[in-house]
Each structure stands twice: as C-alpha cells, then as structure tokens.
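Trainee: Numbering (our numbering), first residue to last: 27 to 499.
Quick reminder that beta carbons are idealized off the backbone N, C-alpha and C, glycines included.
This structure is in structure tokens; I'll ask about it shortly.
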Amino acid sequence: MTDLEQPPMANSPVSQYLPALTDAVQGGLPTAIADLSALVRIPSVSWDGFDPAAVAASADAVKALFDGLGVFDSVEIARAPIGDSERLGHPAVLASRAARNGRPTILLYAHHDVQPPGSDEDWESLPFEPTLRGDRLYGRGAADDKAGVMAHVAAIRAFVETVGDDFDLGLAVFIEGEEEFGSRSFTNFLSAHREKLSADVIVVADSDNWDTETPSLTVALRGNVTFKLTVSTLDHASHSGMFGGAAPDAMLATIKLLGTLWADDGSVAVAGLTTNDTQTPPYTEERLQEEAALLPGVNSIGHGDILSRLWMQPAITVTGIDAPTVQNASNTLSPSVSVRISSRIAPGQTAADAYAAIEAHLTANAPFGAHIQLSDVDRGNPFLVDTTGWAVADAKAAMHEAWGVEPVEAGIGGSIPFISDLVAEFPDAQILVTGVEDPDTRAHSPNESLHLGVFRRAILTEAVLLAKLESRA
Numbered sequence: 027m028t029d030l031e032q033p034p035m036a037n038s039p040v041s042q043y044l045p046a047l048t049d050a051v052q053g054g055l056p057t058a059i060a061d062l063s064a065l066v067r068i069p070s071v072s073w074d075g076f077d078p079a080a081v082a083a084s085a086d087a088v089k090a091l092f093d094g095l096g097v098f099d100s101v102e103i104a105r106a107p108i109g110d111s112e113r114l115g116h117p118a119v120l121a122s123r124a125a126r127n128g129r130p131t132i133l134l135y136a137h138h139d140v141q142p143p144g145s146d147e148d149w150e151s152l153p154f155e156p157t158l159r160g161d162r163l164y165g166r167g168a169a170d171d172k173a174g175v176m177a178h179v180a181a182i183r184a185f186v187e188t189v190g191d192d193f194d195l196g197l198a199v200f201i202e203g204e205e206e207f208g209s210r211s212f213t214n215f216l217s218a219h220r221e222k223l224s225a226d227v228i229v230v231a232d233s234d235n236w237d238t239e240t241p242s243l244t245v246a247l248r249g250n251v252t253f254k255l256t257v258s259t260l261d262h263a264s265h266s267g268m269f270g271g272a273a274p275d276a277m278l279a280t281i282k283l284l285g286t287l288w289a290d291d292g293s294v295a296v297a298g299l300t301t302n303d304t305q306t307p308p309y310t311e312e313r314l315q316e317e318a319a320l321l322p323g324v325n326s327i328g329h330g331d332i333l334s335r336l337w338m339q340p341a342i343t344v345t346g347i348d349a350p351t352v353q354n355a356s357n358t359l360s361p362s363v364s365v366r367i368s369s370r371i372a373p374g375q376t377a378a379d380a381y382a383a384i385e386a387h388l389t390a391n392a393p394f395g396a397h398i399q400l401s402d403v404d405r406g407n408p409f410l411v412d413t414t415g416w417a418v419a420d421a422k423a424a425m426h427e428a429w430g431v432e433p434v435e436a437g438i439g440g441s442i443p444f445i446s447d448l449v450a451e452f453p454d455a456q457i458l459v460t461g462v463e464d465p466d467t468r469a470h471s472p473n474e475s476l477h478l479g480v481f482r483r484a485i486l487t488e489a490v491l492l493a494k495l496e497s498r499a
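Here it is in structure tokens:
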C-alpha cells in the first residue's frame, strides 16, 4: 500500500480521523441494527427452567458476528464449571488478537443472555420480536445487553474500516452467557482463559447514560445480596376459623418480620448495613417521579439526596412471594411462606458483611418464635472505579468527541458483581464501565427498549476509544 492509499487514520492524530470514524459508524448503523434485531429474536434466557438451547443458539450467532470481523487470531465458544461442581455454565464467546509494537490490549465485555420476558400481555409488542417505534427499538435484550454486544461489533467494524486490518492494538472479547443468572461460572472462566483475556483496559458495556443526550462513565456500583427467605409457623395448614386468632400463621409472621427491615420513611433499618458519604450530582424529585414512573401522589422513600439513596445507600426489596394466590385461597392458616429478597449494598461494604448483618437481623426479629431459613444465596461486592488512570481520561475524551457534551461520572443503583472478579484476576487493568442504556430503557421490565441515537453515539465512543489506544505507544 502506498502513502496515497493509506487509510484516513494513518499517521494522524485522533481528531483528524474523527470524521472518518463518524461516517463509518453512521454508514454501518443499519447493519448494526439488523444484526441486533436478529440477536433479539433469540430468546436466550439463562435462568433455570428456560430452554438452554436458546442460549447456545445465541452464542453461535455472536460467534459468527465476531468471526465475520476477520481481525481475530481466534474466536471460540467456551464454557466453565460452576463453582466446584461438574456442571458447566452457559456458553460464552471468547475472541483474541495479540498486541504488537508496544500497543495496549483492550478487553471488551458484554453478555448475550437476557432476563425472562414476563407476560406477553405486559408488552406493547412481543418481547422477542424487535419492533421499531419512533427512535427506539423494543424487545427483550434490545438494550440489556445485546446492544452492548453489538456496540463492540459495530465499533470494531468502524475502526477497521477507518484504519485497515493491519493495526497493532491488542483485542480481547468476552461475551458472557449467564450474567442475568448470577455469572455462576465467571470466576472459573477467567481462571481458565486468563492468558487470552489479560488486558491493560477492560470495557464493561452493561450500564446506562445520564440521559439520551449526555453520556455517563459509571464510577460506582452497589453490590448485591439476594436470597430466599422461608418463614414457617405450623406443621400443616389449619382452619382459619377454628384456630385463627390464637395460632400464628406464616403470612402474619412473614409480614411482621419483613416490616422490621425498613424505617417509617422507607429507608433500610438493618444494623450493620453501611452508607457511603460520596457526594452525588443534583437530581430532583420531579425527575425521580418521571423516570421511576411513580403514580400521582406517591412519595419517594428514604432520606438524603436522591442519588445518594440510589447509588450510595443500601436498599432492600421483596421481589417475589410464594404463597396461595387470591384465586386459589382457602380459609386456612398458611404453614409456610417464602419470599425472594434483593438487597443492594453501598460501595465500601463487602457483600459477606452485609449478608451477615441481614441474617442476624432476621434471626433476631422473627416473631412468635417462627422458624426461618435462608437459602439460594447470591452475593456480589460493590465497586468504586479509580478515576485517576489514563484510560478513564481517554474514555471521557472519547465520549465528549462522540456525544458533543461532557460526560457525567455516575453511580449505578444496580449491581455488576463480577467486576470484583475482574479486579481480583487482573489487578493492574483499568476498568471502564460504559453502556447503551438510558433512563427510559426499562431494562429487565416489559417494553425494554434501546434509543437508537444513544446506540449510535455509544458505538462511536468505543470506535474513538479504540483509535486512541491504537495511537498510544
């Protein structure tokens, strides 16, 4: 190739080839949306009770996308054992390309599995039929996190179109298949594939943005403790007329026990759960009302700044109840009731300490001598990003160039527990938590959607970041 035939980026500062990257991303957007739609049609729910063949089919489709880029030394589907068992986790896609000439290596993470869709009746269009309405693409996984997968694919496409395929930047890709079910083989997967996954910079594309016009770099994540709580008071169901008023039923005991978890203002009332004192950006009650879809007249809960409550304070939510349904209710005292509890842990506290505090609280407050059992426990530690590294500076600059506004350093109320595993396995890597979501995405909920303007700018951000790293010797 002669000098006149060199791609637009060659021997040029990033600012000079930004227009070429912008054009490449815009030109490739229809293909990226089509590829994303094909992924959304695969119902890759990783939870037990759903067909694992769909997750396997999703992995195959993702592998084909990265194979098609033509820039990796290897692309494979791999699985790892869950914990100490012989049971394997869901299939993940692993790709790698060695760095050359002193360039850094970047690891791109996303996940191709999705949450259960819930009832079709709660969706305005079928959950696994991608549907475009206005500037949003609707469907389960359209944002969380198949759009993260496609942001990586489309960014590499635009980068290669601009610089050519003879670049020096090292690339690694890890597209997980069980993030929505607790990443149960994650630690073993990292250990088994450490050499191929080792990187200087890790991009976790599984977060959101401040709004549809302002990008965010996530710098704080709450941890999580989830478990099933079973409360039992009777050996068998008894007639509610004959024994009600003297024999405590499990529903009564459960309601009274759960009520001890919160103060009157709705804040958590469990001794031993801590709060992080980091300052947060302004955020109004009105914005909370709109983004959280509070009904008219419903007040917010807790105390302190709203974003402190969402990012830096603990939260406890009952996400499910196993009890007789209203339709099937009989006039009996329930002998046992089970609930699913999801707790969010403030940055600065370990999930193990938080679980111990919650367990001690429930044990101490069980009413009427009720028997309690905690099972199916999952724990994930919180995370605080070190924002002093050069990769953070490069990422924020890339966001500014792609979006045209300064990014916000934001916390997230949700959890990405496996990040602590990445830190443990790759302690010298700089971790960047980015994403394609926005406050209206409704991830995990009916009518999940992706804003296509955010999608385009997220792709361009990552393409610019790749170019910056390629220029970094």
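State the Cα-Cα distance for the pair Gly271 and Val365, rounded to the nearest angstrom.
Mentor: 24 Å
Trainee: DSSP beta-bridge partners for His397?
Mentor: Ser258
Trainee: Could you tell me whether the segment 381-400 touches the segment 252-260, using the rule of 3 or more Cβ pairs below 8 Å?
Mentor: yes
Trainee: Output the distance between the C-alpha atoms of Val22 and His387, rounded to the nearest integer angstrom.
Mentor: Here the chain has residues from 27 to 499 only, and residue 22 is not among them.
Trainee: At a cut-off of 7 Å, is Pro78 close to the ligand ADP when judged by its beta-carbon and the heavy atoms of the ligand?
Mentor: Absent from the structure shown: the ligand ADP. Ligands present: none.
Trainee: Using a Cβ distance threshold of 8 Å, determine whether the segment 373-384 contacts the segment 285-302, with at least three qualifying pairs required.
Mentor: yes
Trainee: Do Glu427 and Leu134 count as a contact pair if the criterion is CB distance below 8 Å?
Mentor: no
Trainee: Name the residue from Pro107, Val411, Ser293, Ile442 whose alpha carbon lies nearest to the alpha carbon of Ser326.
Mentor: Just measuring C-alpha positions, the residue of Pro107, Val411, Ser293, Ile442 sitting nearest Ser326 is Ser293.
Trainee: Between which two residues does the alpha helix (DSSP H) containing Arg483 stretch?
Mentor: 478-496
Trainee: Between the alpha carbons of Gly196 and Leu492, how many angstroms are there, rounded?
Mentor: Between the C-alpha atoms of Gly196 and Leu492 there is a straight-line separation of about 10 Å.
Trainee: So the candidates are Val88, Glu463, Ala58; which of them puts its Cα closest to the Cα of Ser475?
Mentor: Measuring from the Cα of Ser475, the nearest candidate turns out to be Glu463.
Trainee: Could you give the distance in angstroms between the alpha-carbon of Asn329 and the alpha-carbon of Phe409?
Mentor: Checking the sequence shown, residue 329 turns out to be His, not Asn. Whole-angstrom Cα-Cα distance: 23 Å.
Trainee: Comparing C-alpha positions only, which one of Val251, Asp466, Ala85, Pro453 sits nearest to Ile68?
Mentor: Ala85
Trainee: Which residue wins for smallest C-alpha separation from Arg166, given the options Gln42, Val66, Arg183?
Mentor: Nearest to Arg166 by alpha-carbon distance, out of Gln42, Val66, Arg183, is Val66.
Trainee: Within its chain, find whatever has a CB closer than 6 Å to the CB of Ser63; leave out the 5 residues flanking it on each side and keep chain order.
Mentor: By the criterion of a C-beta distance shorter than 6 Å, Ser63 is surrounded in its chain by Pro156, once the five residues flanking it on both sides are discounted.
Trainee: Assign Gly94 to one of two classes, buried (16 or more other C-beta atoms within 10 Å of its C-beta) or exposed (fewer than that).
Mentor: exposed
Trainee: Report the option in Thr131, Ala80, Gly479, Leu163 whose CA atom is closest to the CA atom of Glu221.
Mentor: Thr131
Trainee: What residue range does the alpha helix (DSSP H) around Gln315 cover?
Mentor: 311-317
Trainee: Roughly how many angstroms separate the alpha carbons of Ala125 and Asp194, rounded to a whole number?
Mentor: 6 Å
Trainee: Starting from Ile457, trace the beta strand (DSSP E) in both directions and tell me its first and last residue.
Mentor: 456-463
Trainee: Short check: CB of His477 to CB of Asp170, under 8 Å?
Mentor: no
Trainee: State yes or no: is the C-beta of Thr460 within less than 8 Å of the C-beta of Ser233?
Mentor: yes
Trainee: With burial defined as no fewer than 16 other Cβ atoms inside 10 Å of the residue's Cβ, what is the status of Ile281: buried or exposed?
Mentor: exposed
Trainee: Three or more beta-carbon pairs under 8 Å between the segment 52-60 and the segment 68-82, yes or no?
Mentor: no
Trainee: Go ahead and label Gly203 buried or exposed: buried means 16 or more other beta carbons lie within 10 angstroms of its beta carbon, across all protein chains shown.
Mentor: It counts as buried.
Trainee: Quick check on this structure: which residue in Glu451, Ala455, Asn357, Ala423 has the alpha carbon closest to the alpha carbon of Ala489?
Mentor: Nearest of Glu451, Ala455, Asn357, Ala423 to Ala489, Cα basis: Ala423.
Trainee: How would you call His262, buried or exposed, if buried means at least 16 neighbouring beta carbons within 10 angstroms?
Mentor: Classification for His262: exposed.
Trainee: Grab the span of the beta strand (DSSP E) containing Arg220 for me, first residue to last.
Mentor: Run containing Arg220: none in the beta strand (DSSP E); it sits in the alpha helix (DSSP H), 220-223.
Trainee: Might you give, ordered along the chain, the residues of its own chain that have their beta carbon closer than 6 Å to the beta carbon of Ala60, omitting 5 neighbours on each side?
Mentor: none
Trainee: Can you tell me where the alpha helix (DSSP H) with Ser84 in it begins and where it stops?
Mentor: Boundaries of the alpha helix (DSSP H) around Ser84: 78-95.
Trainee: Three-state secondary structure (DSSP) at Ser441?
Mentor: coil
Trainee: Can you name, in chain order, every residue of its own chain whose Cβ lies under 7 Å from the Cβ of Ser72, other than the five neighbours on each side?
Mentor: Val81, His116, Asp139, Gly203, Glu204, Glu206, Phe207
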